[in-house]
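See below for the structure under consideration.
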Amino acid sequence: MTDWNAMSDAEFRKEVRDFFEAEYPEELRHLPHRPKFAEIEHWHRKLHAKGWVAPAWPTEYGGMGLNAAKLLIFYEEQQRWGVNRGRDMGIQMVGPLIIKFGTQEQKDYWLPRILSCEDIWCQGYSEPGAGSDLANLRTRAEIEGDEFVINGQKIWTTMAHDATHIFMLVRTDPDTPKKQQGISFLLAPMDQPGVEVRTITTLSGETEFCEVFFDNARTPRENLVGELNKGWTMAKALLSFERIFIGSPSLAQNALGQLENFARGRGAFEDPVFRDRFAQAALDVEDHAALYGRFADQLKRGETLGADVSMLKIWVTECFQRITELMIEAAGADGGTIGPLQVGNVSVDVLASFYKARPTTIYGGSNEIQRNILSKAVLGLPS
Amino acid sequence: MNSSDQEDLRLLRESARTLFDRAGGSGRARKLRDAGGGWDGNMIRELAEAGVFGVTVPEDNGGLGMGLAAGGVIAEEVGRVIAPEPVVVTIGLSLGLLRRLCPDHAKMEQLVGGETVLAVAWLERGPNGGPAEASCRYADGKLTGGKAWVVGASDAQGFLVVAEGDAGPVVVLAEAGADGLSVEERRQADGSAMGELSFSGTPAEELAIGGAVPGALAEAVKDATALAAAELVGLSARAFEIALEYIKTREQFDKPIGSFQVIQHRAVDLNVMCEVAQSGVREALALMDSETDPKARARLASRAKARAVTAAKKVTRDAIQLHGAVGYTDEFDIGLYLNRALVLSAWLGDDAYHRRIWFEAREEEAAQ
Ligand SMILES: Cc1cc2nc3c(=O)[nH]c(=O)nc-3n(C[C@H](O)[C@H](O)[C@H](O)COP(=O)(O)OP(=O)(O)OC[C@H]3O[C@@H](n4cnc5c(N)ncnc54)[C@H](O)[C@@H]3O)c2cc1C
Chain A
1 MTDWNAMSDA EFRKEVRDFF EAEYPEELRH LPHRPKFAEI EHWHRKLHAK
51 GWVAPAWPTE YGGMGLNAAK LLIFYEEQQR WGVNRGRDMG IQMVGPLIIK
101 FGTQEQKDYW LPRILSCEDI WCQGYSEPGA GSDLANLRTR AEIEGDEFVI
151 NGQKIWTTMA HDATHIFMLV RTDPDTPKKQ QGISFLLAPM DQPGVEVRTI
201 TTLSGETEFC EVFFDNARTP RENLVGELNK GWTMAKALLS FERIFIGSPS
251 LAQNALGQLE NFARGRGAFE DPVFRDRFAQ AALDVEDHAA LYGRFADQLK
301 RGETLGADVS MLKIWVTECF QRITELMIEA AGADGGTIGP LQVGNVSVDV
351 LASFYKARPT TIYGGSNEIQ RNILSKAVLG LPS
Chain B
384 MNSSDQEDLR LLRESARTLF DRAGGSGRAR KLRDAGGGWD GNMIRELAEA
434 GVFGVTVPED NGGLGMGLAA GGVIAEEVGR VIAPEPVVVT IGLSLGLLRR
484 LCPDHAKMEQ LVGGETVLAV AWLERGPNGG PAEASCRYAD GKLTGGKAWV
534 VGASDAQGFL VVAEGDAGPV VVLAEAGADG LSVEERRQAD GSAMGELSFS
584 GTPAEELAIG GAVPGALAEA VKDATALAAA ELVGLSARAF EIALEYIKTR
634 EQFDKPIGSF QVIQHRAVDL NVMCEVAQSG VREALALMDS ETDPKARARL
684 ASRAKARAVT AAKKVTRDAI QLHGAVGYTD EFDIGLYLNR ALVLSAWLGD
734 DAYHRRIWFE AREEEAAQ
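Chains as they are written, first to last, in my numbering: chain A, 1 to 383; chain B, 384 to 751.
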């Protein structure tokens with residue numbers, strides 16, 4: 001098996017780039033929506049055959065075993081080429097949790113199924129009353145014999161209508177002094193009478209996320225991961241790498257490239273006001289990338305990242321939004337038109353980009369929540 | 384940049400910071416301003432002893448040969464304590480010009496050694512008050528005409544003047560107090576003086592002539608622009624620290640004002656602004672070191688200054704707001720930072736100007 005970490009960064013980058021460029025289906029590049037599994041299955045099979053489905057997992061579980069530095073390169077190349085992340089909640093979230101906290105039986109059973117996408121996962125954390133204040137969640141799971149019986153509701157569950165399983169945070173003890181206690185991490189099959197999924201249409205008209213209702217739904221007791229009532233700390237433990245990844249410059253860089261092509265085609269650069277705003281956005285992206293590089297270097301030196309890494313997410317998501325807003329401006333009277341706009345030989349879906357940028361400041365810890373965290377954990381401001 | 388370079392820069396930063404702190408930090412800037420707005424000759428010599436002026440000068444010419452990134456480290460430290468000494472003028476402009484045109488001239492050594500300070504005069508003012516085409520002449524060893532926006536004009540021992548000679552552009556050296564030279568001071572927000580020079584038959588020594596002059600001037604101005612950006616980065620970082628300290632201690636409604644979420648979020652935004660500026664400007668300076676294409680250097684210098692000015696304006700102005708009324712007094716240091724930021728922002732072009740230059744340079748690079 002190849003030891004990717006032993007390669008130089010440049011060699012590894014080339015390896016990854018070459019593979020994506022040669023093998024990734026052209027029609028799937030820069031997909032404007034989240035695909036159902038069937039749409040990307042042919043790509044997933046290639047990736048699986050290559051052993052590249054789970055870059056971050058240790059090799060003993062079928063991952064690539066990449067260290068943080070190589071992982072960043074992998075994701076940079078993936079985003080650069082517009083490679084869809086696929087249905088990766090299993091890979092990104094459940095898998096690592098099972099690897100870290102699961103039993104041997106759980107690892108043996110679930111991990112290969114995640115890699116092959118035999119099971120497709122969705123994330124059931126948020127509830128109507130538990131968004132930013134996630135620990136406020138109410139969905140109950142009670143033990144009855146060999147099973148947990150689940151009652152309650154999840155919401156904003158991305159692609160739940162195309163998932164076979166849901167991993168969820170549920171309340172297993174309602175009488176605890178702090179609401180962060182009494183929460184457990186459960187795995188449950190979706191295909192059962194007690195689970196009802198209703199899709200929610202987004203602003204852009206897509207059906208990407210859902211409500212999921214649990215009415216005496218059941219899951220075997222062995223689908224509890226980690227200790228009972230200790231789910232909160234486990235779920236939090238996962239977030240550290242996520243925090244630099246979510247602040248990576250690529251989304252904004254790609255959007256900027258699109259903006260430039262589009263604006264040039266439309267002659268928007270003849271307007272000095274537009275030029276200035278483009279320059280502002282472009283410099284915002286460049287200087288963000290420099291800051292990102294500083295954090296990435298920290299990872300490469302083997303250091304752990306502090307809470308200050310959240311500033312990347314704040315800056316880049318807001319910058320991404322401004323760029324897509326500029327696209328709309330450059331589109332002029334076409335700024336409200338659905339679908340790709342043709343300019344010379346490029347076509348740009350202005351509205352799709354605009355919509356894609358909106359939720360980036362909401363999910364992954366809203367930007368206001370990130371500011372709360374930075375003000376306390378980094379600036380040391382009092383409550 | 385490899386790790387031993389990084390280590391060198393860290394040591395350089397530490398020694399510059401210690402030097403300025405021992406001398407009294409920003410309190411020193413206030414004293415000098417109140418004493419009339421010049422700089423401290425002793426400080427110039429101490430800085431020279433620490434090797435500061437020679438950072439970008441090749442070792443063969445008596446410098447440290449560390450490059451612009453190192454110059455940026457020093458400029459950041461100058462900015463942190465809003466030191467009035469003409470560090471960026473010396474490293475970026477006077478040495479930037481001489482090391483490119485006449486690296487063996489005796490003035491090089493004197494500048495690196497802190498024995499002299501030279502101001503650089505190249506811009507001219509037109510009838511409407513804005514910049515004008517250059518018309519200052521040099522013939523028969525004498526200067527005629529005028530120059531404007533000359534930083535350090537009041538205290539410099541001499542002037543490097545870019546003028547039009549009979550056989551092309553020249554750089555000449557005029558001593559302070561030379562015949563026919565008059566200096567009109569224009570007082571700046573930070574208490575320093577900007578000089579407007581006029582020459583009527585002022586004797587001057589020719590240092591360089593010909594086609595190399597405009598290019599060397601342009602590159603020296605880019606160096607100075609990027610270094611001024613670094614100075615603003617240091618200034619912003621310190622201004623933010625001052626504001627942060629203040630909101631942690633000032634109490635209203637029986638709580639530190641830093642416990643209010645609106646204040647917290649503003650503080651975070653300023654902090655992020657400072658960090659982005661620091662990373663962007665440091666990267667630009669490091670890239671300029673290895674870049675020889677003039678267009679690319681223009682783009683990088685403008686990237687740095689545009690970012691640094693945007694950040695410094697935002698940070699110093701918001702810092703005043705976070706201080707409340709005391710921020711509007713001359714008693715508190717935060718005002719000194721605002722005033723210095725005003726001057727450094729206007730000098731060599733502000734953010735809007737540099738975004739324009741950045742865009743144009745990028746377009747020209749793409750067309751090359
Ligand atoms: C596209 C998309 C996909 C998603 N996918 C999933 C998924 O697959 N699984 C899942 O579990 N969840 C998912 N989410 C939900 C996401 O995690 C939540 O939207 C997020 O946690 C915010 O919660 P909320 O929407 O209830 O907003 P709220 O928490 O109600 O916030 C509303 C506003 O108030 C602000 N606010 C809240 N608290 C504070 C505070 N203390 N200080 C200052 N401001 C505050 C917020 O920043 C926001 O601006 C998804 C969301 C989106 C948009």
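Positions of the beta carbon are idealized from the N, C-alpha and C atoms, including for glycine.
Chain B contact for residue i (CB, 8 Å cutoff)
i: L291 (chain A); result: yes
i: A279 (chain A); result: yes
i: I323 (chain A); result: no
i: R243 (chain A); result: no
i: D276 (chain A); result: yes
i: R29 (chain A); result: no
i: R264 (chain A); result: no
i: R371 (chain A); result: yes
Among the options, the one whose alpha carbon lies nearest that of residue i
i: A307 (chain A); options: A:A68, A:V378 and A:A69; result: A:V378
i: A38 (chain A); options: A:A54, A:A352, A:L291 and A:D162; result: A:D162
i: G732 (chain B); options: B:A522, B:T439 and B:L615; result: B:L615
i: T361 (chain A); options: A:R322, A:D146 and A:V285; result: A:R322
i: D423 (chain B); options: B:P469, B:A452 and B:R463; result: B:P469
i: L683 (chain B); options: A:L283, A:G247, A:T304 and A:G336; result: A:L283
i: L610 (chain B); options: B:S728, B:G421 and B:P486; result: B:S728
i: A49 (chain A); options: A:R198, A:D287, A:A331 and A:P112; result: A:P112
i: A626 (chain B); options: B:H706, B:A433 and B:A694; result: B:H706
i: R483 (chain B); options: B:G598, B:M449, B:G437 and B:P510; result: B:G598
i: M93 (chain A); options: A:E26, A:E27, A:A235 and A:G129; result: A:A235
i: T172 (chain A); options: A:L71, A:I143, A:A188 and A:D191; result: A:I143
i: F542 (chain B); options: B:A550, B:T499 and B:L618; result: B:T499
i: K414 (chain B); options: B:V435, B:D391, B:V464 and B:L430; result: B:V464
Residue i: contacting residues in chain B (beta-carbon distance under 8 Å)
i: P382 (chain A); result: K631, K638, P639, G641 and S642
Proximity test, Cβ basis, 8 Å: residue i and chain A
i: Q647 (chain B); result: yes
i: A735 (chain B); result: yes
i: S387 (chain B); result: no
i: E748 (chain B); result: no
i: L627 (chain B); result: yes
i: R690 (chain B); result: yes
i: E666 (chain B); result: yes
i: R428 (chain B); result: no
i: R621 (chain B); result: no
i: R738 (chain B); result: yes
Closer than 7 Å at the beta carbon, the chain A residues around residue i
i: R686 (chain B); result: L283 and E286
i: V659 (chain B); result: D287, H288, L291 and W315
i: V470 (chain B); result: Correct list: empty, because the minimum Cβ distance to chain A is about 24 Å.
Per-residue contacts from residue i into chain A (C-beta, under 8 Å)
i: N654 (chain B); result: M311, L374, V378 and L379
i: A650 (chain B); result: S375, L379 and L381
i: E674 (chain B); result: Simply none; closest approach about 15 Å.
Within chain A, the residues that residue i reaches when beta carbons sit closer than 9 Å
i: S662 (chain B); result: D287, H288, A289, A290, L291, Y292, G293 and R294
i: W741 (chain B); result: A279, A282 and L283
Alpha carbon of residue i to alpha carbon of residue j, nearest angstrom
i: T103 (chain A); j: T139 (chain A); result: 24 Å
i: I474 (chain B); j: V709 (chain B); result: 36 Å
i: H165 (chain A); j: R34 (chain A); result: 18 Å
i: A660 (chain B); j: T693 (chain B); result: 9 Å
i: Y736 (chain B); j: W730 (chain B); result: 11 Å
i: E325 (chain A); j: E624 (chain B); result: 33 Å
i: G82 (chain A); j: L668 (chain B); result: 31 Å
i: V726 (chain B); j: V566 (chain B); result: 19 Å
Pairing CB atoms from the stretch 552–570 of chain B with CB atoms from the stretch 583–597 of chain B, are three or more of them under 8 Å? yes
State whether the stretch 226–233 of chain A contacts the stretch 294–301 of chain A, with contact taken as three or more CB pairs (one from each stretch) at a distance under 8 Å. no
Take every Cβ of the stretch 587–601 of chain B, pair it with every Cβ of the stretch 659–670 of chain B, and state whether three or more of those distances are shorter than 8 Å. no
Under 8 Å: do the stretch 596–609 of chain B and the stretch 337–348 of chain A share three or more Cβ pairs, one atom per stretch? no
Does the count of Cβ pairs from the stretch 84–101 of chain A and the stretch 130–139 of chain A closer than 8 Å reach three? no
Three or more C-beta pairs below 8 Å linking the stretch 144–154 of chain A and the stretch 205–224 of chain A: yes
Can you find at least 3 beta carbon pairs, one from the stretch 121–136 of chain A and one from the stretch 177–186 of chain A, that sit closer than 8 Å? yes
Any chance the stretch 239–258 of chain A sits against the stretch 209–218 of chain A, with 3 or more Cβ pairs inside 8 Å? no
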